[in-house]
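Visitor: Start counting the sequence shown at 1; every next residue gets the next number (the UniProt record's numbering).
Each residue gets a CB set at the ideal place from its N, CA and C atoms; glycine is no exception.
Could you have a look at this structure, given as structure tokens, before my questions?
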Amino acid sequence: METFMRKPNPYDAHVGARLRACRTLAGFSQERLGTSVQLSFQQIQKYEKGLNRIGASRLQQFAQILNVPPSYFFEDMPGIEQQPTARPEHAVVSEIEQDKSPVSRRQALELVRNFGKITDSMVRDRIFQLIKAAAASYSGKPEGEEGGETPAVAATPATEA
1 METFMRKPNP YDAHVGARLR ACRTLAGFSQ ERLGTSVQLS FQQIQKYEKG
51 LNRIGASRLQ QFAQILNVPP SYFFEDMPGI EQQPTARPEH AVVSEIEQDK
101 SPVSRRQALE LVRNFGKITD SMVRDRIFQL IKAAAASYSG KPEGEEGGET
151 PAVAATPATE A
């Protein structure tokens with residue numbers, strides 16, 4: 001008997017990809033997200049691949065658990081007029097999703113998730129400055145060009161008075 005594999009609807013695939021990116025950024029496994037809405041991890045996989053359509057009430061549940069507005073899942077969808085993003089980190093997720101390399105996407109999402117776990121503001125700032133300096137040295141653009149003026153990163157650890 002011949003098996004028929006239907007191609008995912010592009011809108012369902014987009015919503016699923018946004019769910020996957022947001023779930024990953026929030027640090028949820030497919031199993032953990034599924035458990036929180038009483039679904040199997042296989043069902044979450046189907047949603048993320050766009051194989052199964054996510055209903056409105058289920059989408060609202062995901063939005064609430066992942067702390068994003070329901071509109072997040074529709075941002076950057078082809079053919080849909082865009083509204084400003086409610087939170088700046090959503091724009092970062094959109095930018096990360098545009099990278100075609102799965103390794104780069106995974107690393108970027110992990111970097112953002114782990115950076116958010118750093119509670120010491122001085123450490124966060126120094127890491128941020130280090131990343132900006134490294135990016136500037138490899139892109140050929142001055143440090144302050146993309147995000148305003150940035151002080152140079154000191155090579156020695158900071159000491160508190």
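Which class does residue 51 belong to by DSSP, given the choice of helix, strand or coil?
Guide: In the sequence shown, the residue the question calls residue 51 occupies position 51. In the structure shown, residue 51 sits in coil (DSSP, three-state: anything other than H, G, I, E or B).
Visitor: Quick one: measure Cβ to Cβ for residue 50 and residue 9, integer angstroms, because I've assumed they're closer than 8 Å.
Guide: Locating residue 50 in the sequence shown gives position 50, counting from the first residue. Locating residue 9 in the sequence shown gives position 9, counting from the first residue. Indeed, because the Cβ distance is near 6 Å, the residues count as touching under 8 Å.
Visitor: So, for residue 23: in the same chain, excluding its five sequence neighbours on each side, which residues have a beta-carbon less than 6 Å away from its beta-carbon?
Guide: Within the sequence shown, residue 23 is the residue found at index 23, counting from 1. Correct list, in chain order: 33.
Visitor: With H, G and I counted as helix, E and B as strand and the rest as coil, what does DSSP make of residue 77?
Guide: For the purposes of this step, residue 77 is identified with residue 77 of the sequence shown, where counting begins at 1. In the structure shown, residue 77 falls within a coil segment according to DSSP collapsed to helix, strand and coil.
Visitor: Reducing DSSP to helix, strand and coil, say where residue 120 ends up.
Guide: As a working note, residue 120 is residue 120 in the sequence shown. If DSSP states are grouped into helix, strand and coil, residue 120 belongs with coil.
Visitor: Nearest by alpha-carbon distance to residue 12: which of 40, 48 and 61 is it?
Guide: Here residue 12 is taken as the residue at index 12 of the sequence shown, counted from 1. Of 40, 48 and 61, the residue nearest in Cα terms is 48.
Visitor: If we count the other Cβ atoms within 10 Å of its Cβ and call it buried at 16 or more, is residue 123 buried or exposed?
Guide: Stepping through the sequence shown from its first residue, residue 123 is reached at position 123. The residue in question, residue 123, is exposed, as its Cβ has fewer than 16 Cβ neighbours within 10 Å.
Visitor: I'd like to check one pair, residue 19 with residue 109: are the Cβ atoms closer than 7 Å?
Guide: The sequence position of residue 109 within the sequence shown is 109, counting from 1. The sequence position of residue 19 within the sequence shown is 19, counting from 1. No. Outside cutoff.
Visitor: Which two residues bound the contiguous alpha helix (DSSP H) that contains residue 62?
Guide: Indexing the sequence shown from 1 puts residue 62 at position 62. Where residue 62 is concerned, the enclosing alpha helix (DSSP H) stretches over 56–66.
Visitor: By DSSP, does residue 69 sit in helix, in strand, or in coil?
Guide: Against the sequence shown, residue 69 aligns to sequence position 69. Looking at residue 69 - three-state DSSP - the assignment turns out to be coil, as it is neither helix nor strand.
Visitor: Roughly how far, in whole angstroms, is the beta-carbon of residue 16 from the beta-carbon of residue 113, given that I think they are within contact range, below 8 Å?
Guide: Translated into the one-based positions of the sequence shown, residue 16 becomes position 16. Translated into the one-based positions of the sequence shown, residue 113 becomes position 113. With 8 Å as the limit, residue 16 and residue 113 do not qualify as a contact, their Cβ atoms being about 20 Å apart.
Visitor: State the Cα-Cα distance for the pair residue 63 and residue 70, rounded to the nearest angstrom.
Guide: Numbered from its first residue, the sequence shown carries residue 63 at position 63. Numbered from its first residue, the sequence shown carries residue 70 at position 70. Distance between the alpha carbons of residue 63 and residue 70 is about 5 Å.
Visitor: Look at the Cβ atom of residue 65, then the Cβ atom of residue 40, and state whether they are nearer than 7 Å.
Guide: Here residue 65 is taken as the residue at index 65 of the sequence shown, counted from 1. Here residue 40 is taken as the residue at index 40 of the sequence shown, counted from 1. The answer is no: Cβ separation not under 7 Å.
Visitor: Just how far apart, CA to CA, sit residue 72 and residue 135?
Guide: Here residue 72 is taken as the residue at index 72 of the sequence shown, counted from 1. Here residue 135 is taken as the residue at index 135 of the sequence shown, counted from 1. Whole-angstrom Cα-Cα distance: 28 Å.
Visitor: So, is residue 44 buried or exposed, given that buried needs 16 or more other C-beta atoms within 10 angstroms?
Guide: In the sequence shown, residue 44 corresponds to position 44, counting from 1. The residue is buried, with at least 16 neighbouring Cβ atoms inside 10 Å.
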